[in-house]
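Heads up: the structure comes next, in structure tokens.
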Amino acid sequence: MSSPDFLLTNLELRASNPDGSEGAGLSHQTGGIGGAGMVLVRVLELGPPPSKGVPDGAAIVVHDMADHGARYEDLAAELAAAGWMVSLPDMRGHGVSEGERGHTPGLAEPVRDIHSVREHVAYRMPEAKSVVIGVGTGALWAMAYAIEHRDEVFGLVLAAPLLDAKFGAPEKIGGMMGMFKKIQALSPCAVSWTASDMLADATDQSTWAGDARCVKSASKSAVEIVASAIANVPAAYAAMGKPTLVLAGSDDPVTTPTEAAAFAEKLGASYEVVDGARHSIFHGASAGAAIAKVVAWLGSN
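Oh and the sequence shown: position 290 is 291 in the working numbering, straight run, nothing missing.
So this is what it looks like as structure tokens:
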């Protein structure tokens, strides 16, 4: 398959209040906290070839912590070839989008941003069937979005969903300043999964570890939001009865197949295991198999 041409869009979205709700600012402000300005959220977009005609629907891929949208270009290319319009956002504080690195002040923020991406696509495709593919923590954000905007979303793919808030303790500032500065909402917590947890091949591990766009930490606030979402979001989503696919890697040590299977059962979701895949389920030698399972599921629903 030849390399597809992605369209780059920078959505200018309002900064967040401390609880993640939409701020009132109208001027641009790098950083995007405190509700005082606007931030740029980068989205890569890819549509199906002209021979496919009208797209079958619109898919938004919501990446994990320590991740960014451009890592899912191969997934997008296969989905587009199958007839889907695909959006790959860099969530705030990740990739090249603006925002404090690895920070989420409240669950309302990722929900708002997924909604904004969907609205951007819906402007051109108002009747399109909409699905969200959430990876890791992105699966939590995807479920929360579906709960808030249930009429917008047809179904979800939850790939290697994060089911345990596996992050390090908030880091204290060293030296003399550490004596006076307390741990705050923006204090970084290390992402606990390693390159070998993510991928099996040494070259792939090195690529992920060396990718400067993969933020290897999350703010104290983001970790708290993730833990709260794990505890509260799945049950509310399960009650909706939306078509759902849970995808697990057979060798994933972060979200094991046993954990993922139990999670899928609670949701009443379809469940598929990708042999040989680790936590970065759409990358590595088994990526093709993982992508094929998503394409097949979308085609049957």
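Just so you know, even glycine gets a beta-carbon here, dropped at the ideal spot from N, CA and C.
Everything numeric in this text was worked out from a predicted model, so none of it was measured.
Query                                                                                                                                                                                           : Result
Can you give the Cα-Cα distance for SER220 and ALA270, rounded to whole angstroms?                                                                                                              : 31 angstroms
Would VAL55 be called buried (16 or more neighbouring beta carbons within 10 Å of its own) or exposed?                                                                                          : exposed
Please work out which residues of its chain come closer than 6 angstroms, Cβ to Cβ, to SER281, disregarding the five sequence neighbours upstream and downstream, and give them in chain order. : MET199 and LEU200
With a cut-off of 8 angstroms, do at least 3 Cβ pairs link the stretch 46 to 66 to the stretch 80 to 100?                                                                                       : yes
Under the three-state reduction of DSSP, which class applies to ALA263: helix, strand or coil?                                                                                                  : helix
By the DSSP assignment, the alpha helix (DSSP H) with LEU108 in it spans what residues?                                                                                                         : Unbroken run through LEU108: none, as it is neither H nor E.
For ALA166, which of THR245, ALA240 and GLU225 has the nearest alpha-carbon?                                                                                                                    : GLU225
Expressed to the nearest angstrom, what Euclidean distance is found between the alpha-carbon atoms of VAL227 and THR204?                                                                        : 30 angstroms
Compute the distance between the beta-carbons of ILE134 and ALA60, then report whether it is under 9 angstroms.                                                                                 : yes
Which class does ASN302 belong to by DSSP, given the choice of helix, strand or coil?                                                                                                           : coil
Leaving out five residues on either side along the sequence, give the residues of the same chain with a beta carbon under 7 angstroms from the beta carbon of SER193.                           : LYS167, PHE168 and GLY169
Is it true that the CB of GLY139 sits closer than 9 angstroms to the CB of ASN302?                                                                                                              : no
Since GLU132 and ALA161 should fall inside the 8 angstroms C-beta cutoff, what is the C-beta to C-beta distance between them, to a whole number of angstroms?                                   : Residue 132 is actually Val in this sequence, not Glu. So it is not a contact: roughly 17 angstroms between Cβ atoms.
Just the C-alpha distance for GLY176 and SER218, rounded to the nearest angstrom, thanks.                                                                                                       : Annotation note: pLDDT 49 at GLY176 (below 50); position unreliable, coordinate value reported separately. Roughly 21 angstroms between the two C-alpha positions.
Since LEU164 and THR256 should fall inside the 8 angstroms C-beta cutoff, what is the C-beta to C-beta distance between them, to a whole number of angstroms?                                   : 5 angstroms
Decide if LEU14 is buried, meaning its Cβ has at least 16 other Cβ atoms within 10 Å, or exposed.                                                                                               : buried
Kindly indicate which three-state DSSP category MET2 falls into: helix, strand or coil?                                                                                                         : Unreliable positioning characterises MET2 in this predicted model, as indicated by a pLDDT of 45, which lies under 50. The coordinate reading is nonetheless provided below. Reduced to three states, the DSSP call for MET2 is coil.
Taking the CB atoms as reference points, tell me whether PHE7 and ALA82 lie closer together than 9 angstroms.                                                                                   : no
Where does TYR146 land, buried or exposed, given buried means 16+ other C-beta within 10 angstroms?                                                                                             : buried
Nearest-angstrom Cα distance between PRO189 and SER52?                                                                                                                                          : 47 angstroms
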